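Enquirer: Dumping the structure here so I can ask a few things about it.
Residue numbers (our numbering): 16 to 239.
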C-alpha cells in the first residue's frame, strides 16, 4: 500500500510541476472543467472494483453452467479478447449517443418540405471522409495509431483478466511516465524541470519498492 501511495504522490508532483503554457486564447480553469475532471477521476477509481465484480460474477456463472452440463470443463474466466470486444463496443455506442445528443455528427438545418422541422445532416462526417481522401499521410498515421492502440489494448486486457486492478493501475501509470521520458529523449525541447524529475524519481522508487517487497514476500513464503 505504501508503494502505491508513493507512485500516486509522484504522479501528482509530476503533473503539478509542469510549467503553465500560456497559449493564444488561454483561459483560467473553470468550475465546470474541474467538475468534469473530478467526475472522470471518480469513474476511473470505481472501474477497478467493477472489474473485480465482473470477473467474480463471470467465474461463478461459468462454474454453475459447467455443473449443469454434467461437469463439462469451461473456462471460468472472461477472456481478454471478450472483455476488449464488449468494452469497446459499449464505448462506441455511448460515444455515438453523445454525438447525436450534442449534434457532433452533423449540423441541423430547417427542412424545406416540413416547415419548422429539423433534419440531421452528417456534414461533419462527410467533411471528415473528404479530408481522409485528400490526405494519404493522415490515413497512414490514423491506421498506424489504430494498430498500435489495438495492440496495446491486448496487453491491457490481458492484465485485467489475469491480474488485479492494482497491478493494472501500476502498469498504466508506469507506461505514461515512460511515454513522457521517451518524448523528452526524442525531442530535447520537451525538457522536464526539477519538480517533474522528482516526480519521476518517486514513481520509479515506488515501483522498484513494490517489486522488492513482492520478491521478499515470495522468499518468506518459500522459507516457511
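C-beta atoms are modelled at their ideal positions from N, C-alpha and C, and glycine is treated no differently.
Given the structure is predicted, the values throughout are model-derived calculations rather than measurements.
1) Going by CA-CA distance only, name the one from 144, 50, 63 and 57 that's closest to residue 187.
2) Does the structure place the stretch 169-180 close enough to the stretch 96-113 that three or more beta carbon pairs sit under 8 Å?
3) Does DSSP put residue 202 in a helix, in a strand, or in coil?
4) Quick check: residue 92 and residue 176, are their CB atoms within less than 8 Å of each other?
5) Figure out for me which residue from 183, 226 and 220 has the closest Cα to the Cα of residue 60.
6) With a threshold of 8 Å between beta-carbons, can residue 221 be considered close to chain D, or not?
7) Using the C-alpha atoms, what's the distance from residue 214 back to residue 29?
8) Relative to the C-alpha of residue 20, which candidate in 231, 230, 229 and 224 has its C-alpha closest?
9) Of the residues 154, 190 and 100, which one's Cα is nearest the Cα of residue 165?
10) Just the C-alpha distance for residue 154 and residue 80, rounded to the nearest angstrom, thanks.
11) For residue 69, which option in 222, 198, 151 and 180 has the closest C-alpha, if you only look at C-alpha atoms?
12) Go ahead and label residue 27 buried or exposed: buried means 16 or more other beta carbons lie within 10 angstroms of its beta carbon, across all protein chains shown.
13) Going along the chain, which unbroken runs of the beta strand (DSSP E) with 3 or more residues stay wholly within the stretch 164-211?
14) Report the CB separation of residue 8 from residue 208 in whole angstroms; it is logged as a contact under 8 Å.
Expert: Once the coordinates are examined:
1) Walking along the chain shown from the start, residue 187 turns up at place 172. Residue 187 has its Cα closest to that of 63, out of 144, 50, 63 and 57.
2) yes
3) As a working mapping, residue 202 is identified with position 187 in the chain shown. Per DSSP, reduced to three states, the secondary structure at residue 202 is coil, with no helix or strand assignment.
4) For this step, residue 92 is matched to residue 77 along the chain shown. For this step, residue 176 is matched to residue 161 along the chain shown. It is a contact, given that the beta carbons lie within the stated cut-off.
5) Residue numbering aside, residue 60 sits at position 45 when the chain shown is read from its first letter. Of 183, 226 and 220, the residue nearest in Cα terms is 183.
6) No chain D is present in this structure, which holds just one protein chain.
7) Counting from 1 along the chain shown, the entry for residue 29 is found at position 14. Counting from 1 along the chain shown, the entry for residue 214 is found at position 199. Between the alpha carbons of residue 29 and residue 214 lies a distance of about 4 Å.
8) Taking the chain shown and counting its residues from 1, one reaches residue 20 at position 5. Closest option to residue 20, Cα to Cα, is 224.
9) Stepping through the chain shown from its first residue, residue 165 is reached at position 150. For residue 165, the closest C-alpha among the options 154, 190 and 100 is that of 100.
10) For this step, residue 154 is matched to residue 139 along the chain shown. For this step, residue 80 is matched to residue 65 along the chain shown. When rounded, the distance between both Cα atoms is 46 Å.
11) Within the chain shown, the letter at position 54 stands for residue 69. The option with the nearest alpha carbon to residue 69 is 180.
12) For this step, residue 27 is matched to residue 12 along the chain shown. Its Cβ having fewer than 16 others within 10 Å, residue 27 is exposed.
13) none
14) Examination of residue 8 is not possible in this model, given that the chain is present from 16 through 239 alone.
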